[in-house]
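*Asks:* Structure provided below as structure tokens; questions to follow.
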Amino acid sequence: MAQPVPVVPTSFRACARCHLRKVKCDGVIPQCGACRRSDAECNITTCVTFSYATVRHLQEQVETLQQQVAQLHTTSTSERLHGEPLETGHSHDVETQLLQAEIPRTERGTGDFVAEEVGNLALGALDGSSHRYVGSAAGSTFTKILLKNLRIGPTNIPFQDVRPPNWEFGVVDLELRNRTWWCTYGLERMIAVSMGRPLSLRNQAIDAAFPQSIQDDVLHPDEEAIARFFHTQGVVPATLMFQLHAIGGDILESVYIARPRLSMAADTMQHLANSLRKRLASWRAEAEHIANLNEPESLEMQIWFSLTTLTCNRPSPSFPEPSSEAIESCAEASRLALMSWTELMERSRLCPSWRTFHDILMAGLVWIYCAWKSSQRYSADHQALSMACTRLLQHVAKGRNYLNRFIQLHESLSHIVTSNQQSTPGPSSTTLPDDALFENHLNEAMMDANASFDVHAFENVMVRIPNILDEDMDYTIFQG
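Last residue of the sequence shown: 480 (full-length UniProt numbering), numbering continuous.
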């Protein structure tokens with residue numbers, strides 16, 4: 001056999017790092033000295049070349065080893081077929097076994113030693129070869145012992161589809177779970193639009209059917225008297241409300257956003273707003289088929305529709321100056337919402353919650369804005385609706401004095417608009433603000449609200465109130 005040829009490169013070039021740093025590279029494999037000292041990656045293995053003799057010598061060694069492995073495999077298979085005992089694995093390298101036996105137990109670990117001995121004895125008993133010693137030199141590792149006892153071999157198991165768990169939910173249970181999910185969705189959208197929060201789930205990610213009528217929806221005569229609207233309409237109003245909440249979420253994420261969307265062209269934003277208005281119009285046409293103003297639920301649906309319309313059309317970062325059509329839509333929605341709230345209050349069905357106060361205040365401010373922008377158009381209804389809004393705010397804020405500052409804000413702004421509509425040439429008892437200044441403050445009031453009920457939402461507006469209100473007005477309430 002030829003003498004081994006040293007495996008050293010015949011030539012090399014500097015690695016990438018040494019070449020970049022313009023330093024000398026020693027060409028040490030697998031990492032040059034400069035890269036090793038800096039603990040950096042080195043590509044010297046791709047920058048060396050070997051002679052043909054070196055490569056051919058390595059190829060001959062590989063071929064020789066492959067032949068020896070094949071010969072051993074053939075011999076082992078032949079002995080197993082003829083029933084000859086496989087003594088090679090138990091008898092070779094006896095000196096190694098003796099050396100291992102002489103190693104102190106403290107070095108090998110008592111636990112490992114005991115486990116190995118128990119495994120060897122168990123394996124020997126199962127093989128019927130307890131008369132032979134089975135040591136670690138025979139290749140009996142813990143894994144082989146475990147697989148031997150479990151009768152597990154390296155077999156190829158085909159792919160098996162895991163069957164989903166059988167929850168055994170009936171039709172009623174599935175529908176109740178579906179309705180629970182949609183109620184949670186509606187609550188999330190209501191909070192997001194009312195407080196200006198980001199949506200936790202986009203509409204594109206929802207893959208759930210709307211609630212369906214089931215047999216359990218049939219009410220007993222006693223229940224019909226309590227839930228008349230549900231008895232006559234079923235789950236249709238709830239489905240409509242879920243659809244309206246979805247539209248409100250889309251408005252919040254597109255038109256009434258917290259910051260201007262500079263990446264979207266004005267024409268694209270206008271087209272998006274028009275598509276949302278068409279969806280609202282379609283929803284209203286569908287809701288009118290089940291409307292029954294004698295039922296509080298119909299009034300609540302009208303209020304939610306009005307609030308969604310206000311969110312889409314009132315001054316926003318996307319449309320700081322609404323068009324005349326948008327102002328008209330806001331005026332109609334504000335009037336409808338305030339009248340519906342008044343009807344609920346007269347029936348003692350108005351819920352005195354923070355959301356109700358916020359929605360009434362926003363509807364009142366939008367009505368004031370519309371009356372200011374189109375004073376001749378809404379002058380007849382302005383004072384009556386403003387007073388109705390004040391009564392609603394006082395009713396909801398009863399017992400909560402910290403809300404009086406917002407009521408005072410609404411009354412002051414309404415007083416200015418009323419004075420402007422009734423002003424005549426000659427001395428006036430009220431000092432009116434500059435039109436442009438007041439309009440800017442109203443625009444900022446709409447956008448500072450940002451579709452959220454924060455007690456500090458109007459702080460900046462209230463600080464500027466003394467500059468635009470009558471000098472005889474009490475300003476201390478705005479500083480509290």
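For glycine and all other residues, C-beta sits at the position ideal for the given N, C-alpha and C.
Less than 7 Å between C-beta atoms, sequence neighbours within five positions excluded: which residues of the same chain meet that for G186?
*Replies:* Result list for G186: M241, F242, H245, in chain order.
*Asks:* For the alpha helix (DSSP H) that L244 lies in, which residues bound it at each end?
*Replies:* Segment 236 to 254, the alpha helix (DSSP H) holding L244.
*Asks:* For S316, which of helix, strand or coil comes out of DSSP?
*Replies:* S316: coil per DSSP, three-state reduction.
*Asks:* According to DSSP, is T10 part of a helix, a strand, or is it coil?
*Replies:* It is coil, neither helix nor strand.
*Asks:* Just how far apart, CA to CA, sit R349 and P296?
*Replies:* Rounded to the nearest angstrom, the two C-alpha atoms are 7 Å apart.
*Asks:* I need the boundaries of the alpha helix (DSSP H) containing C35, first residue and last residue.
*Replies:* That run of the alpha helix (DSSP H) goes 33 to 38.
*Asks:* To the nearest whole angstrom, what separates the beta carbons of I191 and Q233, a pair I think is in contact under 8 Å?
*Replies:* Wrong, their Cβ atoms sit about 26 Å apart, outside the cutoff.
*Asks:* Using the rule of at least 16 other Cβ atoms within 10 Å of the residue's Cβ for burial, across every protein chain shown, is G364 buried or exposed?
*Replies:* Buried, since its Cβ has 16 or more Cβ neighbours within 10 Å.
*Asks:* Flag this pair as yes or no: are the beta carbons of T10 and T74 separated by less than 8 Å?
*Replies:* For T10 and T74, no; Cβs fall outside 8 Å.
*Asks:* Against chain B, does E297 count as a neighbour if the rule is that its beta carbon must be under 8 Å from one of theirs?
*Replies:* Looking for chain B here will not work: only one protein chain is present.
*Asks:* Rounded to whole angstroms, what is the Cα-Cα separation between A451 and P315?
*Replies:* Reliability of the predicted coordinates at A451 is poor, the pLDDT of 39 falling under 50, and the value obtained from them is presented with this limitation in mind. For A451 and P315, the distance between alpha carbons rounds to 11 Å.
*Asks:* Tell me, please, which residues DSSP counts as bridged to T49.
*Replies:* Bridge partners of T49: S11.
*Asks:* Are I360 and V417 touching if we call contact CB-CB under 8 Å?
*Replies:* No; because the gap between Cβ atoms is not below 8 Å, this pair is not in contact.
*Asks:* For R37, count neighbouring Cβ atoms within 10 angstroms of its own Cβ and tell me buried if that reaches 16, exposed if not.
*Replies:* By the neighbour-count rule (16 or more Cβ atoms within 10 Å), R37 is not buried but exposed.
*Asks:* Compute the Euclidean distance between the alpha carbons of residue 496 and C183, then round it to the nearest angstrom.
*Replies:* Outside the shown range of the chain, which is 1 to 480, sits residue 496, and nothing can be said about it.
*Asks:* Would you check if the distance between the CB atom of A266 and the CB atom of V255 is smaller than 8 Å?
*Replies:* No.
*Asks:* Among D39, A16, V235, which has the Cα closest to the Cα of T180?
*Replies:* The option with the nearest alpha carbon to T180 is V235.
*Asks:* Write down the C-beta distance between N203 and D250 rounded to the nearest angstrom, noting that I regard them as a contact closer than 8 Å.
*Replies:* Confirmed, Cβ separation roughly 7 Å.
*Asks:* Between the C-alpha atoms of D470 and S414, what's the straight-line distance to the nearest angstrom?
*Replies:* With a pLDDT of 44 at D470, under the threshold of 50, the modelled position of this residue cannot be trusted; read the value that follows with caution. If you take the alpha carbons of D470 and S414, they lie about 12 Å apart.
*Asks:* Measuring straight from C-alpha to C-alpha, what distance separates P198 and T311?
*Replies:* Looking at the two C-alpha atoms, the distance is approximately 15 Å.
*Asks:* Classify E95 as helix, strand or coil using the three-state DSSP reduction.
*Replies:* For E95, the predicted structure reports a pLDDT of 45, less than 50, and the residue's modelled location is therefore unreliable. The matter cannot be settled from this model.
*Asks:* Name the residue from T45, L252, I206 whose alpha carbon lies nearest to the alpha carbon of S194.
*Replies:* Checked all of T45, L252, I206; the closest Cα to S194 is L252.
*Asks:* With distances taken Cα to Cα, identify the nearest neighbour of H395 among N420, V366, W341.
*Replies:* Measuring from the Cα of H395, the nearest candidate turns out to be W341.
*Asks:* For A371 and H382, which I take to be in contact (beta-carbon distance under 8 Å), what is that distance rounded to the nearest angstrom?
*Replies:* About 4 Å; that satisfies the 8 Å criterion.
*Asks:* Less than 8 Å separating the beta-carbons of R189 and G248?
*Replies:* In contact: R189 and G248 (Cβ atoms closer than 8 Å).
*Asks:* At the level of alpha carbons, what is the spacing between H271 and F319?
*Replies:* C-alpha separation (whole angstroms): 13 Å.
*Asks:* Between the C-alpha atoms of T309 and E168, what's the straight-line distance to the nearest angstrom?
*Replies:* Each residue's alpha carbon lies about 43 Å from the other.
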